[in-house]
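> Okay, here's the structure, questions in a sec.
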Amino acid sequence: AQRVTQPEKLLSVFKGAPVELKCNYSYSGSPELFWYVQYSRQRLQLLLRHISRESIKGFTADLNKGETSFHLKKPFAQEEDSAMYYCALSTYNQGGKLIFGQGTELSVKP
Amino acid sequence: DTGVSQDPRHKITKRGQNVTFRCDPISEHNRLYWYRQTLGQGPEFLTYFQNEAQLEKSRLLSDRFSAERPKGSFSTLEIQRTEQGDSAMYLCASSLGQGLEKLFFGSGTQLSVL
Chain B
1 AQRVTQPEKL LSVFKGAPVE LKCNYSYSGS PELFWYVQYS RQRLQLLLRH ISRESIKGFT
61 ADLNKGETSF HLKKPFAQEE DSAMYYCALS TYNQGGKLIF GQGTELSVKP
Chain L
111 DTGVSQDPRH KITKRGQNVT FRCDPISEHN RLYWYRQTLG QGPEFLTYFQ NEAQLEKSRL
171 LSDRFSAERP KGSFSTLEIQ RTEQGDSAMY LCASSLGQGL EKLFFGSGTQ LSVL
């Protein structure tokens, strides 16, 4: 069965420090990986997806199939990055549904 | 278009009562998903529709849960004989359904069963 694991419930860093939010998945095929973000009092929204290979708000994520990981990184955290981050997996034969990890709360302190 | 709309935002009910939630997706989106989220967890998939057809239901969706999307537009999720364990945030999302398009989420309905 597909599974997404985010080992850290809370990650606290100071402004300007590097950030890495970990995500590991289990799936034997070729999944599509996403990072969704939920800012305070806002709805869940897409941050980035691995197939796009883009950088959004300074965040990047690389799919490592050997380690089955899709860690989210940013070199210099900003206070406005404080939010809940969810890693999610989807597959082409499942109608686009997403399987989410438990989420990591990122807190960036001034 | 203001995005995915869910109603009500909050619902408090007594155990054993029936509740119904509504979701209005983005107008041209043919796929509609329901998720449930409890405190400290990520959203859990419940069911999804492509147009009016319900294509998949999670094992989480007991017989007390039923979802409809009669005209392929809005959807309703009904919970019969609510239990305290049903207390959660119920999220709706929609997508264009062309492969793995990104999902647009609503703000959710927070259900509290007393």
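Quick note, the sequences are listed as chains B and L, same order.
The first sequence lines up with residues 1 to 110 when you count with the numbering used here.
The second sequence lines up with residues 111 to 224 when you count with the numbering used here.
Positions of the beta carbon are idealized from the N, C-alpha and C atoms, including for glycine.
On a predicted model such as this, the values are computed, not experimentally measured, just so you know.
#1: Between residue 212 of chain L and chain B, is the shortest Cβ-Cβ distance under 8 Å, so that the two count as touching?
#2: Taking the C-alpha atoms as reference points, what is the distance between residue 188 of chain L and residue 66 of chain B?
#3: Check whether the Cβ of residue 216 of chain L lies closer than 8 Å to any Cβ atom in chain B.
#4: Return the residue from the list B:63, B:48, B:62 that minimises the CA-CA distance to residue 56 of chain B.
#5: Per DSSP, residue 127 of chain L is paired with what?
#6: Which residues in the same chain as residue 97 of chain L place their Cβ atom closer than 6 Å to its Cβ, once the five residues preceding and following it in sequence are excluded?
#7: So, helix, strand or coil for residue 52 of chain B, using DSSP?
#8: Can you look up residue 67 of chain B in the DSSP assignment and give me helix, strand or coil?
#9: Measure the CB-CB distance between residue 146 of chain L and residue 154 of chain L and report whether it falls below 8 Å.
#10: Buried or exposed for residue 212 of chain L, going by 16 or more other Cβ atoms inside 10 Å?
#11: Who pairs with residue 189 of chain L in a beta bridge, going by DSSP?
#12: Excluding the 5 residues flanking residue 168 of chain L on each side, which residues of the same chain have their C-beta closer than 6 Å to its C-beta?
#13: Can you pull the DSSP bridge partners for residue 99 of chain B?
#14: What residue range does the beta strand (DSSP E) around residue 117 of chain L cover?
#15: Under DSSP, the beta strand (DSSP E) around residue 183 of chain L begins and ends at which residues?
Walking through what the data contain:
#1: Chain B, which has a Cβ nearer than 8 Å to the Cβ of residue 212 of chain L, makes this yes.
#2: Approximately 42 Å between the Cα atoms of the pair.
#3: Contacts with chain B at 8 Å (Cβ-Cβ) include residue 216 of chain L.
#4: When only C-alpha atoms are compared, the closest one is B:48.
#5: Per DSSP, none; premise fails for residue 127 of chain L.
#6: Only positions 111 to 224 of chain L appear in the structure, and residue 97 of chain L is not among them; the question remains open.
#7: The answer is helix: DSSP assigns residue 52 of chain B an H, G or I state.
#8: Three-state DSSP puts residue 67 of chain B in coil, outside helix and strand.
#9: For residue 146 of chain L and residue 154 of chain L, yes; Cβs fall inside 8 Å.
#10: Result: buried.
#11: Beta-bridge partners of residue 189 of chain L (DSSP): L:129, L:175.
#12: The answer, listed in chain order, is 155, 156.
#13: Partner residues in the beta bridge of residue 99 of chain B, as assigned by DSSP, are B:89.
#14: Counting along the chain, the beta strand (DSSP E) containing residue 117 of chain L begins and ends at 115-117.
#15: Boundaries cannot be given for residue 183 of chain L, as no beta strand (DSSP E) includes it and DSSP labels it neither H nor E.
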